[in-house]
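Engineer: Read left to right, the sequence shown gives residues 1 to 146 (my numbering).
Heads up, the beta-carbon is just placed ideally off N, CA and C, and yes, glycines get one too.
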Amino acid sequence: MSTSTRGPEQLSRFALEPRRAVGPLRFGAAVVDYPDLLIPVVIDAVEREELEYDEYAVVGLEEALVVYADAEGRIDSVSFYESCLVDGRELIEMGVGELLVVLGAPDDIEAEDIGDELELLYAYDSLGLTIWTVDGRVCVVQASGG
């Protein structure tokens, strides 16, 4: 399980419904609809030019979740770093074998060198998920809508 210091109730409030929502956050909804929940991540001007999306943190879960909004200010995707509950199952820290049992065969698998580590990315297109693994364990889940 994750080494998060956050309470399980706080993290479970943001369970993932693939292609639909992350807790109260609906894919495709305007970020301005969540003024008490989302705060913009401050990025320097040079980095801002290179990004296609605006980044938002979830209040109280600033290191656990990152919300990405498109140019129209609508929620496009969410990255999970500490916890990702899907149908009551925790994906973060899950072994690849169990992941394949829970979600089935991925649509695609890619290898990516990040620093000194080799990460394997599992794409589940029908679920809108890209799952990063290191040393056979899930470390990041990115979910998108639509």
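(1) Assuming Y56 and V41 make a contact with CB atoms under 8 Å, what is their CB distance in whole Å?
(2) What is the DSSP secondary structure of V41, reduced to helix, strand or coil?
(3) Just tell me which of S79, V96, S77, L103 has its CA closest to the CA of G88.
(4) Do Y124 and I109 come within 8 Å of each other at the CB atom, strictly closer than that value?
(5) Would you grab the beta carbon distance between L85 and A15 for me? Rounded to a whole angstrom, and I think it's under 8 Å.
(6) Confirm, please, whether the CB-CB distance from V138 to L100 is below 8 Å.
(7) Taking the C-alpha atoms as reference points, what is the distance between E98 and R19?
(8) Look up L85 in the DSSP assignment and say whether it is helix, strand or coil.
(9) Can you give the Cα-Cα distance for E9 and Y81, rounded to whole angstroms?
(10) Could you tell me the distance, in whole angstroms, from the CA atom of R74 to the CA atom of G28?
(11) Can you grab the Cα-Cα spacing for the pair L129 / Q142, in whole Å?
(12) Look up E55 in the DSSP assignment and say whether it is helix, strand or coil.
(13) Could you give the residue range of the alpha helix (DSSP H) that holds V96?
(14) Among V66, T133, E62, R26, which has the Cα closest to the Cα of M94?
(15) How many angstroms separate the CA atom of E17 from the CA atom of E63?
Structural biologist: Looking at the atomic coordinates:
(1) The residue you call residue 56 lines up with position 56 of the sequence shown. The residue you call residue 41 lines up with position 41 of the sequence shown. About 6 Å; that satisfies the 8 Å criterion.
(2) Here the question's residue 41 lines up with position 41 in the sequence shown. DSSP places V41 in coil when its eight states are reduced to three.
(3) Locating residue 88 in the sequence shown gives position 88, counting from the first residue. Per the Cα distances, L103.
(4) Reading the sequence shown from its first residue, position 109 is the one you call residue 109. Reading the sequence shown from its first residue, position 124 is the one you call residue 124. Their beta carbons are not under 8 Å apart, which means I109 does not touch Y124 by this criterion.
(5) Counted from its first residue, the sequence shown places residue 85 at position 85. Counted from its first residue, the sequence shown places residue 15 at position 15. Between A15 and L85 the Cβ distance is about 4 Å, and since that is below 8 Å, they are a contact.
(6) Along the sequence shown, read from residue 1 onward, the residue named residue 100 stands at position 100. Along the sequence shown, read from residue 1 onward, the residue named residue 138 stands at position 138. Going by C-beta atoms, L100 is not nearer than 8 Å to V138.
(7) Stepping through the sequence shown from its first residue, residue 98 is reached at position 98. Stepping through the sequence shown from its first residue, residue 19 is reached at position 19. Cα-Cα distance, rounded: 22 Å.
(8) Sequence index remark: in the sequence shown, residue 85 carries index 85 (1-based). The answer is strand: DSSP assigns L85 an E or B state.
(9) Against the sequence shown, residue 9 aligns to sequence position 9. Against the sequence shown, residue 81 aligns to sequence position 81. When rounded, the distance between both Cα atoms is 16 Å.
(10) If you number the sequence shown from 1, residue 74 lands on position 74. If you number the sequence shown from 1, residue 28 lands on position 28. Spanning the two alpha carbons is a distance of roughly 5 Å.
(11) Position 129 of the sequence shown holds residue 129. Position 142 of the sequence shown holds residue 142. L129 and Q142: Cα-Cα distance of roughly 6 Å.
(12) Here residue 55 corresponds to residue number 55 of the sequence shown, with the count starting at 1. Strand at E55.
(13) The count along the sequence shown starts at 1 and reaches residue 96 at position 96. First-last of the alpha helix (DSSP H) with V96: 96 to 103.
(14) For the purposes of this step, residue 94 is taken as the residue at position 94 of the sequence shown. Ranking V66, T133, E62, R26 by Cα distance to M94 puts T133 first.
(15) Numbered from 1 along the sequence shown, position 17 holds the residue referred to as residue 17. Numbered from 1 along the sequence shown, position 63 holds the residue referred to as residue 63. If I take the Cα positions, the gap works out to 20 Å.
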